[in-house]
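Please read the structure below before turning to the comments.
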Amino acid sequence: MKNLYLIAYLDLKESLRAKWFVVYSLVFGGLIALFFIAGVTESQVMGFSGLSRLLLMYIQITIVILPIFILITTVRSISGDRDSHVLEYMLSFPISLKQYYWGKVIGRFITVFLPVFFAMVIAIIYGAFKGAAIPWNLFFLYTGLLFAMSSAFLGIAFFISSFVKSSEVALGLSFFIWIFLLAFIDIALISLMMQERMSSGLIIFISLINPMEIFRVAAISLFDPQLTVMGPVAFYILDSMSQTVFVLVSILYPVTLGLVFAFLGYKIFEKKDLV
Amino acid sequence: MIKVANLTKKFGSNISLDSVSCEFKKNESIALMGANGAGKTTLVRSIMGYYHPNDGEVLINGLNPIKNRLDVLEHISFVPQLPPPIRLSIGELMEYISVSAKVDKELIKYYAAEMKLDISANLNKSFFKLSGGMKQKLLIAISLAKKSDIIIYDEPTANLDPKARDDFYRLLKQNEDDKVLLFVTHRLEEVKDLVNRQIYMDLGKIVSDERF
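Protein sequence lines, in the order shown, are assigned to chains X and A. Just so you know, we're using the working numbering here: the first sequence kicks off at 1 and counts up by one. Just so you know, we're using the working numbering here: the second sequence kicks off at 276 and counts up by one.
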């Protein structure tokens, strides 16, 4: 365990010094700052205003950019170390592959999750300072969703990193997965639905196994418990489960998905040539 | 200490090691030589347990380096040809080594000082920002402080100036008893005073093995 924490701690320290982390933190912190400057908290759309409106906007943008940020910054963690022969040296010491791999996963998770979480915390603190009502239910839901989203894409990134030999291929794959999942949020599914080649139930099932889609639906579920903005989709979702169960699924499913991918990545890392 | 039996390692259709067998015993200092692509690095990496062989086996003190990774690596010190661009600070790197391999940090500082490298002044500096020679000196200091039975050096003097080479040879002489020293090198003259065995590899095979 000592080695596991050591690897996590050192990976965290290394990441905190990296330029990508500065950019990453500035993007999410900057988003919140921009919303306040732009007066989002004073605007009102569909009856939502104040901090609720700000958090909704934040989460909607996060859906799109968080996955690609996590993928491109994490996918090189092991493949990059392998490329540059860092792995060859670091693994010449008696440290188990399990501790090395999972230590990296834990360290990197903290690195990617904390900036997006702290950006929300800053919004809450600043909002409270300005006298706005604090939507705690939204805050806790979004914290859970961000945790789940970070887990899912971190797991996918470590999975790619474990078998890809070069960083360039790892980056290419990351972009492909991101575009693929993003396209399946709407564009591809709407076209499939319009062509009526598959049953609507199947299409909605496909869309909901996409962590980005389930994140998006769950994010609006507190504003719109009947999911009316989603039209017929709401019928399928709320017919199969209650709103509370749906929110739980939208958190537990991406976390499980991330763990499964991270575990598969570990198995590959363990079975393949290390350098 | 090290037993390699009929070891074959292929990368795609390329045979990097072709049924290699050899044994390295206590108090042997070996110069492992050969042209580029001869299989030297593959052999070293197989000994370290980085590669899964296609055939044959490697045993370190009777243990498989893949299955018994921790037990085996406790006995091995390794210095690569080119110091890798590790982004940890020197202090963090020493912490990693001290916790994972139970190496005394003061001993690393001692050997670094013997190599004319002042670690204390550079503890917060990133390893990759050090000069090539400083990196190599630190890696050598770590390899000696680890007090391993098996020390593997891949072109260890490539980045060292003549004075640092002399320091390195002097320290090795003081620490060579009851050990296996394996030097991967292209220049025998650089280690000829240290070695008592010379192995030449070509196209994945051992083509000559001389003791002197």
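Every residue, glycine too, gets a C-beta built ideally from N, C-alpha and C.
Residues near residue i by beta carbon distance below 8 Å, same chain, minus five either side
i: X/I65; result: V27
i: A/Y371; result: L363
i: X/I61; result: L31
i: X/I124; result: L51, I134, F139
i: X/F113; result: L146, F147, S150
Per-residue contacts from residue i into chain A (C-beta, under 9 Å)
i: X/Y89; result: F353, V354, P355, P358, P359, I361, L414
i: X/V105; result: Chain A residues near X/V105: none, gap ~17 Å exceeds 9 Å.
Chain-ordered neighbours of residue i on chain A, where CB pairs are closer than 7 Å
i: X/I95; result: S375
i: X/V275; result: R320, Y325
Residues near residue i by beta carbon distance below 7 Å, same chain, minus five either side
i: A/A280; result: S296, G331, E332
i: A/D477; result: G309, A310, A313
i: X/I72; result: L171, S174
i: A/F403; result: P360, I361, R362
i: X/L257; result: A152, G155, P211
i: X/Q99; result: N3, L4, I7
Cβ pair residue i, residue j closer than 8 Å
i: X/G103; j: X/L259; result: no
i: X/L54; j: X/F35; result: yes
i: X/S174; j: X/G80; result: no
i: A/V347; j: A/L357; result: no
i: A/M369; j: A/K380; result: yes
i: A/I341; j: A/I277; result: no
i: X/F269; j: X/I78; result: yes
i: A/Y491; j: A/L435; result: Nothing about residue 491 of chain A can be reported from this structure: the residues present for chain A run from 276 to 487 only.
i: X/Y266; j: X/Y101; result: yes
i: X/S92; j: A/L345; result: no
i: X/L6; j: A/S291; result: no
i: A/E303; j: A/N450; result: no
i: A/I474; j: A/S352; result: no
i: X/S161; j: X/R76; result: yes
i: X/F158; j: X/A18; result: no
i: X/S15; j: X/R108; result: yes
i: X/F176; j: X/E213; result: no
According to DSSP, residues forming a beta bridge with residue i
i: A/V513; result: Nothing can be reported for residue 513 of chain A, as the shown portion of chain A is limited to 276 through 487.
i: A/K283; result: The sequence given here places Thr at residue 283 of chain A; Lys does not occur at that position. DSSP lists A/D330 as partners of A/T283.
i: A/V455; result: A/E303, A/I425
i: A/L292; result: A/K284
i: A/D477; result: A/K480
i: A/L338; result: A/I335
i: A/S401; result: A/S364
i: A/R486; result: A/R472
i: A/K278; result: A/E298, A/L334
i: A/M308; result: A/Y475
Cβ neighbours of residue i in the same chain (closer than 6 Å, five flanking residues each side left out)
i: X/I106; result: A8
i: A/Y428; result: V354, F458
i: A/D424; result: H350, K454
i: A/S373; result: K380
i: A/D484; result: I474
i: X/P94; result: none
i: X/W20; result: T73
Amino acids of chain A, ordered along the chain, whose beta-carbon sits closer than 8 Å to that of residue i
i: X/S84; result: P359, P360
i: X/K2; result: V374
i: X/L6; result: E370, Y371, V374, S375
Amino acids of chain X, ordered along the chain, whose beta-carbon sits closer than 8 Å to that of residue i
i: A/R344; result: P94, S96, L97
7 Å Cβ cut-off: residues of chain X touching residue i
i: A/E349; result: P94
Residue i Cβ short of 7 Å to the ligand GTP heavy atom set
i: X/Q195; result: This structure does not include the ligand GTP; it has no bound ligands of any sort.
Item to check | Interfacial residues, the segment 8 to 28 of chain X to chain A, with Cβ spacing under 8 Å | outcome: Within the segment 8 to 28 of chain X, the qualifying residues are L10, K13, E14, R17, A18.
Checklist entry - Using a Cβ cut-off of 8 Å, which residues of the segment 152 to 169 of chain X contact any Cβ in chain A, in chain order? => result Residues: none.
Next on the checklist: By the 8 Å beta-carbon criterion, what residues does the segment 368 to 399 of chain A contribute toward chain X?
Outcome noted: From the segment 368 to 399 of chain A, only E370, Y371, I372, V374, S375, A376 have a Cβ closer than 8 Å to chain X.
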